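Engineer: Quick one: structure below, then a few questions.
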(Lines of atoms letter the chains of each structure in order from A and count residues from 1; the text may use other names and numbers.)
(Lines give C-alpha, C1' and ligand atoms only; values in the text may rest on other atoms or scores of the structure.)
Protein backbone atom coordinates (compact mmCIF):
# COMPACT_ATOMS: atom_id res chain seq x y z
CA UNK A 1 0.00 0.00 0.00
CA UNK A 2 1.26 3.44 -0.80
CA UNK A 3 0.68 6.63 1.19
CA UNK A 4 -2.26 7.69 -0.91
CA UNK A 5 -4.15 4.44 -0.23
CA UNK A 6 -3.47 4.75 3.50
CA UNK A 7 -4.76 8.34 3.53
CA UNK A 8 -7.87 7.33 1.65
CA UNK A 9 -8.39 4.40 4.02
CA UNK A 10 -8.39 6.68 7.06
CA UNK A 11 -10.51 9.34 5.33
CA UNK A 12 -13.35 6.86 4.85
CA UNK A 13 -16.13 7.60 7.36
CA UNK A 14 -16.86 3.91 8.00
CA UNK A 15 -13.24 3.29 8.95
CA UNK A 16 -13.16 6.29 11.26
CA UNK A 17 -16.39 5.23 12.97
CA UNK A 18 -15.14 1.66 13.43
CA UNK A 19 -11.88 2.91 14.94
CA UNK A 20 -13.81 5.31 17.20
CA UNK A 21 -16.13 2.54 18.40
CA UNK A 22 -13.15 0.26 19.04
CA UNK A 23 -11.38 2.97 21.07
CA UNK A 24 -14.50 3.70 23.13
CA UNK A 25 -15.15 0.01 23.84
CA UNK A 26 -11.49 -0.47 24.78
CA UNK A 27 -11.65 2.52 27.12
CA UNK A 28 -14.75 1.19 28.87
CA UNK A 29 -13.27 -2.31 29.16
CA UNK A 30 -10.10 -0.97 30.77
CA UNK A 31 -12.11 1.32 33.07
CA UNK A 32 -14.36 -1.55 34.13
CA UNK A 33 -11.38 -3.77 34.88
CA UNK A 34 -9.64 -1.04 36.89
CA UNK A 35 -12.80 -0.41 38.93
CA UNK A 36 -13.15 -4.13 39.54
CA UNK A 37 -9.60 -4.37 40.89
CA UNK A 38 -10.15 -1.28 43.04
CA UNK A 39 -13.31 -2.77 44.53
CA UNK A 40 -11.46 -6.01 45.26
CA UNK A 41 -8.86 -4.07 47.26
CA UNK A 42 -11.60 -2.28 49.20
CA UNK A 43 -13.34 -5.60 49.87
CA UNK A 44 -10.13 -7.10 51.24
CA UNK A 45 -9.66 -4.09 53.57
CA UNK A 46 -13.24 -4.37 54.83
CA UNK A 47 -12.80 -8.10 55.44
CA UNK A 48 -9.62 -7.41 57.43
CA UNK A 49 -11.41 -4.81 59.53
CA UNK A 50 -14.32 -7.19 60.10
CA UNK A 51 -11.94 -9.93 61.22
CA UNK A 52 -10.29 -7.53 63.69
CA UNK A 53 -13.68 -6.49 65.07
CA UNK A 54 -14.77 -10.11 65.47
CA UNK A 55 -11.57 -10.97 67.35
CA UNK A 56 -12.01 -7.90 69.59
CA UNK A 57 -15.65 -8.88 70.20
CA UNK A 58 -14.61 -12.40 71.28
CA UNK A 59 -11.97 -10.97 73.59
CA UNK A 60 -14.45 -8.56 75.16
CA UNK A 61 -17.03 -11.32 75.65
CA UNK A 62 -14.41 -13.47 77.38
CA UNK A 63 -13.41 -10.53 79.58
CA UNK A 64 -17.06 -9.85 80.48
CA UNK A 65 -17.62 -13.52 81.33
CA UNK A 66 -14.53 -13.44 83.56
CA UNK A 67 -15.66 -10.28 85.33
CA UNK A 68 -19.16 -11.65 85.91
CA UNK A 69 -17.98 -15.01 87.21
CA UNK A 70 -19.12 -16.05 90.67
CA UNK A 71 -15.60 -15.93 92.10
CA UNK A 72 -14.99 -12.41 90.77
CA UNK A 73 -18.34 -11.16 92.09
CA UNK A 74 -17.63 -12.67 95.53
CA UNK A 75 -14.21 -10.99 95.65
CA UNK A 76 -15.75 -7.67 94.61
CA UNK A 77 -18.41 -8.00 97.33
CA UNK A 78 -15.68 -8.63 99.93
CA UNK A 79 -13.64 -5.63 98.75
CA UNK A 80 -16.70 -3.39 98.98
CA UNK A 81 -17.67 -4.93 102.32
CA UNK A 82 -21.06 -6.04 101.06
CA UNK A 83 -23.20 -8.64 102.73
CA UNK A 84 -26.23 -10.63 101.65
CA UNK A 85 -29.56 -8.79 101.95
CA UNK A 86 -31.88 -9.63 104.79
CA UNK A 87 -35.41 -10.90 104.23
CA UNK A 88 -37.01 -7.48 104.66
CA UNK A 89 -34.65 -5.88 102.10
CA UNK A 90 -35.86 -8.15 99.30
CA UNK A 91 -38.83 -6.88 97.30
CA UNK A 92 -40.64 -9.28 94.99
CA UNK A 93 -42.27 -7.62 91.98
CA UNK A 94 -45.13 -9.66 90.50
CA UNK A 95 -45.20 -10.05 86.74
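Numbering (the working numbering), first residue to last: 298 to 392. Just so you know, even glycine gets a beta-carbon here, dropped at the ideal spot from N, CA and C. Fair warning: this is a prediction, and the values are worked out from it, not measured in the lab.
Please report the residue range of the alpha helix (DSSP H) in which residue 381 lies.
Structural biologist: Here residue 381 belongs to no alpha helix (DSSP H), and DSSP marks it neither H nor E.
Engineer: For residue 366, name the three-state secondary structure that DSSP assigns.
Structural biologist: Coil, per DSSP.
Engineer: For residue 306 versus residue 312, is the C-beta distance shorter than 7 Å?
Structural biologist: Cβ atoms of residue 306 and residue 312: closer than 7 Å.
Engineer: Note down, in chain order, each residue of its chain lying with its Cβ closer than 8 Å to the Cβ of residue 346, except the 5 sequence neighbours on either side.
Structural biologist: So no residue of the chain qualifies.
Engineer: Is the beta carbon of residue 376 within less than 6 Å of some heavy atom of the ligand ADP?
Structural biologist: The ligand content of the structure shown is nil, which means the ligand ADP is not present either.
Engineer: What is the DSSP secondary structure of residue 343, counted as helix, strand or coil?
Structural biologist: Residue 343 falls in the helix class under three-state DSSP.
Engineer: To the nearest angstrom, how far is it from the Cα of residue 363 to the Cα of residue 357?
Structural biologist: The straight-line gap from Cα to Cα measures roughly 10 Å.
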